[in-house]
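Numbering (this note's numbering), first residue to last: 207 to 749.
The beta-carbon is built from N, C-alpha and C at its ideal position, and this holds for glycine as well.
Notes follow the structure.
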Amino acid sequence: MSRCLKKGCLQIAVLGCFIFLINSLLAEPIPFLQKHGTAVQLMVQNKPFLVLGGELGNSSASSSDYMEPIWPRLGQMNLNTVLVPVYWELIEPQEGQFDWSSVDDVIKKARAHDLRIILLWFGSWKNSMSCYVPAWIKTDSVRFARAQLQSGRPVEALTPFSRTNLEADKKAVTGLMRHLDRIDSKTNTVIMVQVENEIGMLENARDYSSAAEDAFGQPVPTDLIDYLAARKGALAPDLEQTWKQNGFKTSGSWEDVFGRGLCTDEFFMAWHYARYVEEIAAAGKNEYALPMFVNAALIRPGYKPGQYPSAGPLPHLMDIWQAAAPSIDLLSPDIYFSNFADWSTLFHTDKNPLFIPEASREPDAAVHVLYAIGAHDAIGFSPFSIEDNSPQDPLTAAYGILAQLSPLIFERQGMGQLEGFLLDKEHPTMETRMGGCIVKVSHDYTWAWSKGPKDSAPWPRAGGLAIMLDKDELLFAGSGIIVTFAPADGRDQAGILTIEEGTFNNNRWIRGRILNGDQSHQGRHLRIPYGSYEVQRVRLYTY
Ligand code: DGJ
């Protein structure tokens, strides 16, 4: 090669490196979680992002044709994100042969409809069962071992005590994450990944297969003991209590350390499920480090482990899951029960930001999302089987309001300037302090003139959120609420200076009517009637 040609090649190579460097410097990081005050925000393309989501019914995304009419409706419902399963049986129909067409199709369609995606890995477990594993796993229970009940009966679900099971699942997830890195690292259509779905052992609290029995006789891993010891006094009450009753032992088998019983069986199983998930998540993140979470099936009152899916990422097992699975960013509740506020509170801790990947749909989803974001700085919310919602349902209005308010929410969340309210007949009022003011929020039906059928039970759920705009200025969004104000110091009286209805457009307030006279009960309160979803801005004064 002539010297001249060599020099030319060198120049091209240097230029190539330079362009690569500039591109990498300019490129947005892939989605990540970031602390903001006491809150945690999901950052997408370097900006905070509120997941106004909906999860598809389990089978919808297996057919592109079936999905065709659904895609445009999701946008009409004001969703910005759709939660979509990735079916192991579809992406790896033959062992080691991957077919990404179903994943590529949903990503393409989501982009065309201006939606982000959260992928749900339906891998080893889906609601305790293993119905989404490919046929080559289903039909080979010698290689891919199943869990077993105490009675000796094998169940269809895979055991987490099998390296072969784990390696097969891990291979599929790493393949998926590598694929996402290739096709989506610039566009970031996919913003998070759920690993497995509602893990938990049914019928018994733990697995009794021979591999499980071996593990049960082994010493409790020192990693877990060290983690628990470092947090003694601040562990989940059931765990702390069980360990304490057994003398806070720091070595020995599971029964030596925690005593004999269902609690111990569940702790043991939680550790092993979580270790399995950890290996998968860590390997997946090694390819492409999206935030990852697991979801929990909750506990019906009075149910015991095994009657409910034992050992899932539940509040009383949070310490064990967090010790075992540091690559999992969030432990998330699927809230189908009416005590929505209780479960949200249990899952929202200083180590676990709240994200709700599944919840029941109408009639309460609209107030639930406002409450979860106002009271718990939730990263997002997603009713299940969203394709069965109608764009006319209240959720559309609630998501529209949240989209308008999100710049204000991002600035103020984690700073003590956000509140949420959830009201029904059993909880008709809530009181809280915002700045210098005591805010009392009551259900619309508590008001004598409300048109609600007050004597018929149950009352519909009402609620919303409040944002502190300034010392004497608050913004309320929601439905079915009446708000009165008192100064926190108790000396003066708080009066309403003005109430405006309106909307935020690109962070600019566009006011509608000034609500006075009958609309504010002659200056006594702020009211958003039941059934209407509104934003109202109130200025207060003292006299
Ligand atoms: C919870 C599961 O996680 C979903 O996949 C779905 O099966 C729903 N239950 C059905 O209610």
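7 Å Cβ shell around Pro664 - same chain, five flanking residues per side excluded: Your numbering for residue 664 matches position 458 in the sequence shown. Answer for Pro664: Asp630 and Lys631, listed in chain order.
What span of residues does the alpha helix (DSSP H) with Ala421 cover, start to end? Taking the sequence shown and counting its residues from 1, the one referred to as residue 421 is at position 215. Note, Ala421: alpha helix (DSSP H), Ser416 to Gly423.
Using the beta-carbon of each residue, find all residues closer than 7 Å to any heavy atom of the ligand DGJ and list them in chain order. Asn264, Lys332, Asn333, Asn403, Glu404, Asn501, Ala503, Asp540, Tyr542, Glu564 and Phe590
Selected residue, minimal CA-CA separation from Leu325, among Val312, Ser334, Ser336 and Trp331: Numbered from 1 along the sequence shown, position 119 holds the residue referred to as residue 325. Looking at the Cα atoms, Val312 is the closest of the given residues.
Please state whether the Cβ-Cβ distance between Ala700 and Gly626 is less than 8 Å. Position 494 of the sequence shown, counting from 1, holds the residue named residue 700. Position 420 of the sequence shown, counting from 1, holds the residue named residue 626. No, they are not a contact pair.
Which residue wins for smallest C-alpha separation from Ser738, given the options Gly723, His554, Pro634 and Ala604? Numbered from its first residue, the sequence shown carries residue 738 at position 532. If we check each option's Cα against that of Ser738, Ala604 comes out closest.
Coarse secondary structure for Arg317, derived from DSSP in three states: In the sequence shown, the residue the question calls residue 317 occupies position 111. Three-state DSSP puts Arg317 in a helix.
Would you give the residue range spanned by the beta strand (DSSP E) that Lys646 belongs to? Position 440 of the sequence shown holds residue 646. Cys643 to His649 is the span of the beta strand (DSSP E), which, as asked, contains Lys646.
Three-state secondary structure (DSSP) of Pro360: Taking the first residue of the sequence shown as position 1, residue 360 is located at position 154. Pro360: strand per DSSP, three-state reduction.
In the DSSP assignment, find the unbroken alpha helix (DSSP H) run with Asn492 in it and report its ends. In the sequence shown, residue 492 corresponds to position 286, counting from 1. Where Asn492 is concerned, the enclosing alpha helix (DSSP H) stretches over Leu468 to Glu493.
By how many angstroms is the C-alpha of Ala503 removed from the C-alpha of Gly669? As a first step, residue 669 is located in the sequence shown; it is residue number 463 there, counting from the start. As a first step, residue 503 is located in the sequence shown; it is residue number 297 there, counting from the start. Each residue's Cα considered, the two are about 25 Å apart.
Tell me which same chain residues have a C-beta within less than 6 Å of the C-beta of Ala487, skipping the five on either side of it? In the sequence shown, residue 487 corresponds to position 281, counting from 1. Val401, Met498, Ser533 and Ile534, listed in sequence order.
Just reading off the beta strand (DSSP E) that Leu234 is part of, what are its end residues? Taking the first residue of the sequence shown as 1, we reach residue 234 at position 28. Inspection of the sequence shows that residue 234 is occupied by Glu rather than by Leu. Neither: Glu234 is in no beta strand (DSSP E) and is coded neither H nor E.
Cβ atoms of Met283 and Lys315: under 8 Å apart, would you say? Within the sequence shown, numbered from 1, the residue matching residue 315 stands at position 109. Within the sequence shown, numbered from 1, the residue matching residue 283 stands at position 77. Result no, Cβ atoms of Lys315 and Met283 do not sit closer than 8 Å.
On the DSSP bridge list, what partners appear for Glu706? As a position in the sequence shown, residue 706 is number 500, starting the count at 1. Glu706 is bridged to Ile720 and Arg743.
Nearest candidate by alpha-carbon position, reference Gly260, set Phe328, Ile323 and Leu441: In the sequence shown, residue 260 corresponds to position 54, counting from 1. Among Phe328, Ile323 and Leu441, the Cα nearest to that of Gly260 belongs to Ile323.
Mind reading off the beta-carbon distance from Thr690 to Lys646? Whole number of angstroms is fine, and I expect it under 8 Å. Looking up residue 690 in the sequence shown gives position 484. Looking up residue 646 in the sequence shown gives position 440. With a Cβ gap of about 5 Å, Thr690 and Lys646 count as contacting.
Alpha carbons only, please: which of Arg745, Pro693 and Gly620 is nearest the one belonging to Phe682? Here residue 682 is taken as the residue at index 476 of the sequence shown, counted from 1. Among Arg745, Pro693 and Gly620, the Cα nearest to that of Phe682 is on Arg745.
Is the stretch 635-654 touching the stretch 606-615 in the sense that three or more CB pairs, one from each, lie closer than 8 Å? no
Let's see if you can read the secondary structure: which residues bound the beta strand (DSSP E) around Phe590? Position 384 of the sequence shown, counted from the first residue, corresponds to residue 590. Where Phe590 is concerned, there is no enclosing beta strand (DSSP E), given that its DSSP letter is neither H nor E.
As assigned by DSSP and simplified to three states, the class of Ser612: Taking the sequence shown and counting its residues from 1, the one referred to as residue 612 is at position 406. Judged by DSSP in its simplified three-state form, Ser612 adopts helix.
What does a CB cutoff of less than 6 Å around Gln247 pick up in its chain, not counting 5 residues either side in sequence? By 1-based counting over the sequence shown, the position of residue 247 is 41. The residues are Gln240 and Pro254.
Spell out the partners DSSP gives Ser685 in its beta bridges. What you label residue 685 is simply residue 479 of the sequence shown in a count that begins at 1. Answer is Gly669.
Please report how far the alpha carbon of Ser268 lies from the alpha carbon of Gly708, in whole angstroms. Against the sequence shown, residue 268 aligns to sequence position 62. Against the sequence shown, residue 708 aligns to sequence position 502. Between Ser268 and Gly708, the alpha-carbon positions lie close to 42 Å from each other.
Who are the Cβ neighbours of Arg743 in its own chain at under 6 Å, not counting the five residues just before and after it? Position 537 of the sequence shown, counting from 1, holds the residue named residue 743. Excluding positions up to five away in sequence, the list reads Leu681 and Glu706.
Secondary structure at His582, three-state DSSP: helix, strand or coil? Taking the first residue of the sequence shown as position 1, residue 582 is located at position 376. His582 carries a helical assignment under DSSP once its states are collapsed to helix, strand and coil.
If you follow the beta strand (DSSP E) that Glu261 is in, where does it begin and where does it stop? For the purposes of this step, residue 261 is taken as residue 55 along the sequence shown, with counting starting at 1. From DSSP, the beta strand (DSSP E) with Glu261 extends over Val257 to Glu261.
Three-state secondary structure assigned by DSSP to Phe546: On the sequence shown, residue 546 is found 340 positions in, with the first residue counted as 1. In the structure shown, Phe546 sits in a helix (DSSP, three-state: H, G or I).
What whole-angstrom Cβ distance do Pro589 and Leu601 have, given they're in contact under 8 Å? If you number the sequence shown from 1, residue 589 lands on position 383. If you number the sequence shown from 1, residue 601 lands on position 395. The pair is a contact, with the Cβ atoms about 7 Å apart (cut-off 8 Å).
Beta carbon of Ala578 nearer than 8 Å to that of Ala584: Within the sequence shown, numbered from 1, the residue matching residue 578 stands at position 372. Within the sequence shown, numbered from 1, the residue matching residue 584 stands at position 378. Contact flag set, yes.
Between which residues of its own chain and Cys210 is the CB-CB distance below 6 Å, once the five residues before and five after are set aside? By one-based count along the sequence shown, residue 210 stands at place 4. Bear in mind that a pLDDT of 48 at Cys210, under 50, signals an unreliable position, so the model cannot answer this.
According to DSSP, simplified to helix, strand and coil, what is Val312? Residue mapping note: residue 312 aligns to position 106 of the sequence shown, counting from 1. Reduced to three states, the DSSP call for Val312 is helix.
From Tyr514 to Asn410, what does the alpha carbon distance come to, in whole angstroms? In the sequence shown, counting from the first residue as 1, residue 514 sits at position 308. In the sequence shown, counting from the first residue as 1, residue 410 sits at position 204. The straight-line gap separating the alpha-carbon atoms of Tyr514 and Asn410 is approximately 9 Å.
Could you check what DSSP says for Gln300 in three-state terms: helix, strand or coil? The count along the sequence shown starts at 1 and reaches residue 300 at position 94. Strand.
Run through DSSP, which three-state label would Asp390 get? What you label residue 390 is simply residue 184 of the sequence shown in a count that begins at 1. DSSP places Asp390 in helix when its eight states are reduced to three.
Does Ala440 pass the burial test, meaning 16 or more other C-beta atoms within 10 Å, or should it be called exposed? What you label residue 440 is simply residue 234 of the sequence shown in a count that begins at 1. It is exposed - the Cβ of Ala440 has fewer than 16 other Cβ atoms within 10 Å.
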